Amino acid sequence: MRILKFIGVFLGTLILTFFIVFGFNLDALKTLYNNSGDLQEGQEWVSKATSLKGLTQYIGSNPQHTTIVSRSVTNPDTTIAYRADKPRTMGTLSNFFLITTYARLVEDGKIDSDELISLDKTDRFLLPYIDESHHDDAKTALQNRDAITNEGKVPLNKLVEIAIIYNDLAISDFLYYKLGQQAIEETFDLLELDSTDLPLPFSGLYITLHPDLNDNKFDAHFENLSALSKDEFREKVLNSAQRFRTNDEFHDQVTELFEQEQGLGIGFKERRNILSLFPKSTGQELTELMILLEQNELISVSVSERVKGIMDWPYQEQGLNNDFKYYGALYDNRLGLLNGIDYGASVYSEEPFGQAVFFDSLQVAFWFHMSSNLMHQDYQQRMMWDPALRQATLQEISK
87 MRILKFIGVF
97 LGTLILTFFI
107 VFGFNLDALK
117 TLYNNSGDLQ
127 EGQEWVSKAT
137 SLKGLTQYIG
147 SNPQHTTIVS
157 RSVTNPDTTI
167 AYRADKPRTM
177 GTLSNFFLIT
187 TYARLVEDGK
197 IDSDELISLD
207 KTDRFLLPYI
217 DESHHDDAKT
227 ALQNRDAITN
237 EGKVPLNKLV
247 EIAIIYNDLA
257 ISDFLYYKLG
267 QQAIEETFDL
277 LELDSTDLPL
287 PFSGLYITLH
297 PDLNDNKFDA
307 HFENLSALSK
317 DEFREKVLNS
327 AQRFRTNDEF
337 HDQVTELFEQ
347 EQGLGIGFKE
357 RRNILSLFPK
367 STGQELTELM
377 ILLEQNELIS
387 VSVSERVKGI
397 MDWPYQEQGL
407 NNDFKYYGAL
417 YDNRLGLLNG
427 IDYGASVYSE
437 EPFGQAVFFD
447 SLQVAFWFHM
457 SSNLMHQDYQ
467 QRMMWDPALR
477 QATLQEISK
């Protein structure tokens, strides 16, 4: 009886999460039906990982899917480093390099943080069914915060902040071109990164990955792209993004196809698998950046403080002051991927931490389970203030 009750609760949560992600409409119901087989993948872990303690068991048993790096600034001997050097898909964690570049250019007087930007300009980078609701939510939030002028313009600093809070891919791509590839590459040089790929425009990534735009079946198209060198793939993505940005005919063609296909027109597993072609980094290198940020040594004190002012949105908006003295983070959540980078100190120990956590290429059912209650965010935050969870994690990864 208990297992039947659990299955019922899981299925209800799964369906609710699905419709929140994909929309309440008949097309979404059809998508759910067509992917019913994929939704069986990883169900054995759903019943085992109903708590963070259970999640640590998943972490220990699935090193191919997880990276955990949690380091204290004041006590590095307590560092947890699990698959720390394994390259992992960043997703929107790559926005960290956009906001660092933005902060550097503002501090150098090269751009004006109060510059008014026409919000319509960000719509140019929007792909139908590719996190489209995030863009709508971001614009609604700007409206609710009275950040939009009567002429439909928004201060650049508000645009940056809202892009991070809502993981708005369209605004991220606008910022990519606003800041410029050269400035982003200069930031990489200043940070002396060895294991992190340069960011790429999300519009270019999804256009490049769309099999129908390349007159191919998914498996063959994915195999062809996987065979490209990193430089060849990067050039292909940048060319796609540039055409989408500047060529009206191509823009209309792409938009129409993504509308017709409801995005990429592929199944859940395929959507998960394509993320392996996105830019990557390692938990070790991203954690080192969080430590530099924590110590105000990310390029400069002023750049560090400006970046913190953007990343501290969870502390400001999620009521974390009961557990944290201060806290900042970037997270991503897309099918098959849950990750985050953060810094902070709890009110209990006041011990400063830098962290990077990746749940990568997850089984479909298990991703829905974790995603439904943002379990990865809860896990990551509690790793800073809950010694019992740190101990449970250490026990599992040492087996």
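Just so we're aligned, residue 87 is where the sequence shown starts under the numbering used here, counting upward by one. All C-beta atoms in this analysis are idealised placements derived from N, C-alpha and C, irrespective of residue type, glycine included. In this text the structure is predicted, and so the values were computed from the model without any measurement.
For Ser180, the nearest candidate out of Leu406, Ala249, Glu437 and Gly440 (CA to CA): Comparing Cα positions, the closest option is Ala249.
What would DSSP say about Gly426, mapped onto helix, strand or coil? Of the three classes helix, strand and coil, the one that applies to Gly426 here is strand, per DSSP.
Do three or more CB pairs link the stretch 417-431 to the stretch 442-451 at distances below 8 Å? Because the criterion of three Cβ pairs below 8 Å is met, the stretch 417-431 and the stretch 442-451 touch.
Backbone secondary structure at Pro173 - three-state DSSP: Looking at Pro173 - three-state DSSP - the assignment turns out to be coil, as it is neither helix nor strand.
Run the CB neighbour count on Val433, radius 10 Å, all protein chains shown included, and call it buried at 16 or more, exposed below. A residue is called buried once 16 or more other Cβ atoms fall within 10 Å of its Cβ, and Val433, having fewer, is exposed.
The stretch 175-193 contacting the stretch 454-464, beta-carbon criterion three pairs below 8 Å: The stretch 175-193 vs the stretch 454-464: no contact.
If you follow the beta strand (DSSP E) that Phe190 is in, where does it begin and where does it stop? For the sequence presented, residue 190 should be read as Arg rather than Phe. Not the beta strand (DSSP E): Arg190 falls in the alpha helix (DSSP H), residues Asn181 to Glu193.
Nearest residue (CA-CA) to Gln268, options Tyr412, Gln346, Leu191 and Ile154: Ranking Tyr412, Gln346, Leu191 and Ile154 by Cα distance to Gln268 puts Leu191 first.
Looking at the secondary structure, which residues open and close the alpha helix (DSSP H) in which Ile248 lies? That run of the alpha helix (DSSP H) goes Leu242 to Tyr252.
Can you check the stretch 267-334 for any alpha helix (DSSP H) of at least 4 residues that lies completely inside it and give the ranges in chain order? Listed in chain order, the complete alpha helix (DSSP H) runs (minimum 4 residues) inside the stretch 267-334 are 267-277, 288-295, 304-312 and 316-332.
Beta-carbon proximity check, Ser447 vs Gly422, cutoff 8 Å: Yes. Within cutoff.
Thr165 beta carbon less than 8 Å from that of Ser281: No; because the gap between Cβ atoms is not below 8 Å, this pair is not in contact.
Under 8 Å between C-beta atoms of Pro214 and Glu335: Taking a C-beta distance under 8 Å as the contact criterion, Pro214 and Glu335 do not qualify as a contact pair.
When we look at the beta-carbon of Asp217 and count the other beta-carbons within 10 Å, is it buried (16 or more) or exposed? With 16 or more other CB atoms across the displayed protein chains lying within 10 angstroms of its CB, Asp217 is buried.
Distance CB(Lys139)-CB(Ala415) smaller than 8 Å: Inclusion of Lys139 and Ala415 in the CB contact set at 8 Å is not warranted, their separation being larger than that value.
Going by beta carbon distance, what residues of the same chain come within less than 6 Å of Leu295, once the five residues before and after it are set aside? Excluding sequence positions up to five before and after Leu295, its CB lies within less than 6 Å of the CB of Ile360, all in the same chain and listed in chain order.
To the nearest whole angstrom, what separates the beta carbons of Lys225 and Phe260, a pair I think is in contact under 8 Å? No, Lys225 and Phe260 are not in contact; Cβ-Cβ is about 12 Å, not under 8 Å.
Report yes or no: do the stretch 366-380 and the stretch 159-175 share at least 3 C-beta pairs separated by less than 8 Å? Result yes; three or more Cβ-Cβ pairs closer than 8 Å.
For Ser133 and Leu277, the rounded distance between their alpha carbons: The straight-line gap from Cα to Cα measures roughly 42 Å.
Selection from Leu228, Met469 and Val450 that minimises the alpha carbon distance to Gly238: Closest by alpha carbon: Leu228.
Quick one: Cα of Ile293 to Cα of Glu347, how far? Distance from the CA atom of Ile293 to the CA atom of Glu347, rounded to whole angstroms, is 12 Å.
Return the CA-CA distance between Lys355 and Leu291, expressed in angstroms with no decimal places. Cα to Cα, the separation comes out at about 17 Å.
Can you give me the C-alpha to C-alpha distance between Leu202 and Val240, rounded to a whole angstrom? Pairing Leu202 with Val240, the inter-Cα distance amounts to about 5 Å.
Give me whichever residues DSSP pairs with Gln346 in a beta bridge. DSSP output for Gln346 lists no bridge partner at all.
First and last residue of the beta strand (DSSP E) that includes Arg157? Residues Thr152 to Ser158.
Assuming Lys411 is part of the beta strand (DSSP E), what are its boundary residues? Where Lys411 is concerned, the enclosing beta strand (DSSP E) stretches over Phe410 to Arg420.
Tyr412 to Leu406, Cα distance in whole Å? When rounded, the separation of the alpha-carbon atoms in Tyr412 and Leu406 is 8 Å.
Report the rounded CA-to-CA distance for Phe304 versus Asn148, giving the unit in angstroms. Between Phe304 and Asn148, the C-alpha separation is close to 27 Å.
Three-state class that DSSP yields for Tyr168 in the structure shown: Tyr168 falls in the strand class under three-state DSSP.
Return the chain-ordered list of same chain residues with a C-beta closer than 8 Å to the C-beta of Leu265, the five sequence neighbours on each side being excluded. Result list for Leu265: Leu184, Thr187, Tyr188, Leu191 and Ile197, in chain order.
How should Gly195 be labelled, buried or exposed, when 16 other C-beta atoms within 10 angstroms of its C-beta is the threshold for buried? Its Cβ having fewer than 16 others within 10 Å, Gly195 is exposed.
Taking the alpha-carbon positions, what's the Ile483 to Phe330 distance? If you draw a straight line from the Cα of Ile483 to the Cα of Phe330, it is about 45 Å long.
In the DSSP assignment, what residue or residues form a beta bridge with Gly440? Secondary-structure assignment with DSSP links Gly440 through a beta bridge to Arg157 and Tyr429.
What residue does the beta strand (DSSP E) around Leu202 start on, and which one ends it? Run containing Leu202: Leu202 to Ser204, per the beta strand (DSSP E) assignment.
At which residues does the alpha helix (DSSP H) containing Leu480 begin and terminate? For Leu480, the enclosing alpha helix (DSSP H) covers residues Pro473 to Ile483.
Roughly how many whole angstroms lie between the Cα atoms of Met470 and Pro400? Those two C-alpha atoms are separated by around 14 Å.
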